[in-house]
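Enquirer:
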Amino acid sequence: MKSHSERHNKRRYCHFHRDYDHDTEECRDLQYQIEDLIRHGHLRRYVRDQSSLPASRPPRDSSPRPKGPVEKQIDVFFGGSTSGGDSSLARKAYVRSEVVKRSAHDQDLDITFKSGGEEYPCHDDALVISIRMANTYVKRVMIDMKSSADILYFDAFQKLGSTNKDLVTVTSTLTGFIGDFVSPTGATIIPITFGGEPRSKTLMVPFMVVKLPSAYNAIIGRPTLNRLKAVVSTYHRLLKFSTRAGVGEVRSDPRESRQCYLMTTTLSKRPKVQSAAADPRSLEDNARDPHPAEQVLEWMLWLDLHPLA
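Note that the UniProt record's numbering numbers the sequence shown so that position 238 is 238, with each residue one more than the last.
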């Protein structure tokens with residue numbers, strides 16, 4: 001007799017439920033949870049008229065992309081989640097889960113990187129990009145494929161115009177490379193837009209907000225990169241992803257990357273944190289039924305990718 005998960009359509013996966021049978025974009029529960037956050041004021045800065053919030057499921061073509069022009073720009077300030085879930089059983093089930101191959105008609109656009117034309121001298125620069133967070137253009141956002149969490153630094157969080165009222169309490173703990181621990185200030189969900197029109201993509205990204213000194217404003221890790229279906233080339237200093245209008249791209253700025261490197265190496269403390277066992281995509285569950293994290297996962301989230309000078 002087949003189990004409940006085996007009867008599900010293995011070609012359709014929901015990252016919110018961490019289960020098969022439907023796509024994340026079609027998940028009604030996720031849409032209702034976002035609406036609930038809006039009604040409780042956690043996303044009030046990103047909704048123009050909360051009274052017009054529909055009581056039922058919004059149209060499929062609705063987008064979390066903020067309306068209106070970019071209102072401001074954030075430069076530099078000083079100052080995890082995994083698909084497995086929160087419990088040990090959920091993480092073990094995730095490790096044993098079947099890797100399903102996608103059928104040919106489900107394949108995305110071919111993403112390639114040209115080798116001719118522009119020269120790329122030898123470098124080891126981190127990918128540091130600029131993205132749109134709500135209606136703010138934010139610079140110095142590091143792309144970290146080793147990170148299993150998306151991090152927003154508290155100074156940047158405040159410069160976005162957010163306050164502690166926009167945070168949801170999380171019970172997880174971040175641990176450093178040498179065993180030091182940091183408790184996140186909280187978690188928040190922000191609409192993030194990658195690329196420019198018409199080849200852009202907007203995602204609702206759950207960030208863990210931390211009070212740590214950093215040359216970066218935020219770190220985008222594997223959870224968002226996987227949802228974006230991004231392909232990263234550090235050699236080309238380029239991040240590419242599929243959109244309905246074709247292949248979108250975001251280019252890293254080598255000057256910003258090297259300035260961040262110099263600033264990071266001059267900080268007296270350079271905490272290197274790990275992602276937390278709790279999943280910030282389940283912000284609502286943590287708020288309603290807080291519980292201690294069972295353990296700390298062993299995935300590194302580095303603040304810089306360079307060896308010390």
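Note that CB positions come from ideal geometry on N, CA and C, so glycine has one too.
(1) Please list the terminal residues of the continuous alpha helix (DSSP H) segment that includes residue 228.
(2) What are the boundary residues of the alpha helix (DSSP H) that includes residue 254?
(3) List the DSSP bridge partners of residue 12.
(4) Taking three-plus beta-carbon pairs below 8 Å as touching, is the region 236-247 in contact with the region 198-211?
(5) Using the three-state DSSP reduction, which class does residue 202 fall into: helix, strand or coil?
(6) By the DSSP assignment, the alpha helix (DSSP H) with residue 156 in it spans what residues?
(7) Taking 8 Å as the CB-CB limit, is residue 137 close to chain D?
(8) Which residue's Cα is closest to the Cα of residue 211: 184, 265, 19?
(9) Can you tell me which of the three DSSP states residue 32 falls into?
(10) Specify whether the region 216-227 and the region 124-143 touch according to this definition: at least 3 beta carbon pairs, one from each stretch, less than 8 Å apart.
(11) Taking the alpha carbon of residue 149 as the point to measure from, which residue in 207, 193, 256, 213 has its own alpha carbon closest?
(12) With DSSP collapsed to three states, give me the class of residue 197.
(13) Comparing alpha-carbon positions, which option in 225, 28, 19, 14 lies nearest residue 127?
(14) Report, in whole angstroms, the separation of the C-beta atoms of residue 168 and residue 188, which I expect to be a contact under 8 Å.
(15) To which residues of the same chain is residue 231 closer than 6 Å at the C-beta, ignoring the five residues directly before and after it?
Expert: Quick look at the numbers:
(1) 222-228
(2) 254-266
(3) According to DSSP, which records beta bridges pairwise, residue 12 is partnered with nothing at all.
(4) yes
(5) strand
(6) 154-159
(7) Looking for chain D here will not work: only one protein chain is present.
(8) 184
(9) helix
(10) yes
(11) 207
(12) coil
(13) 225
(14) 7 Å
(15) 111, 240
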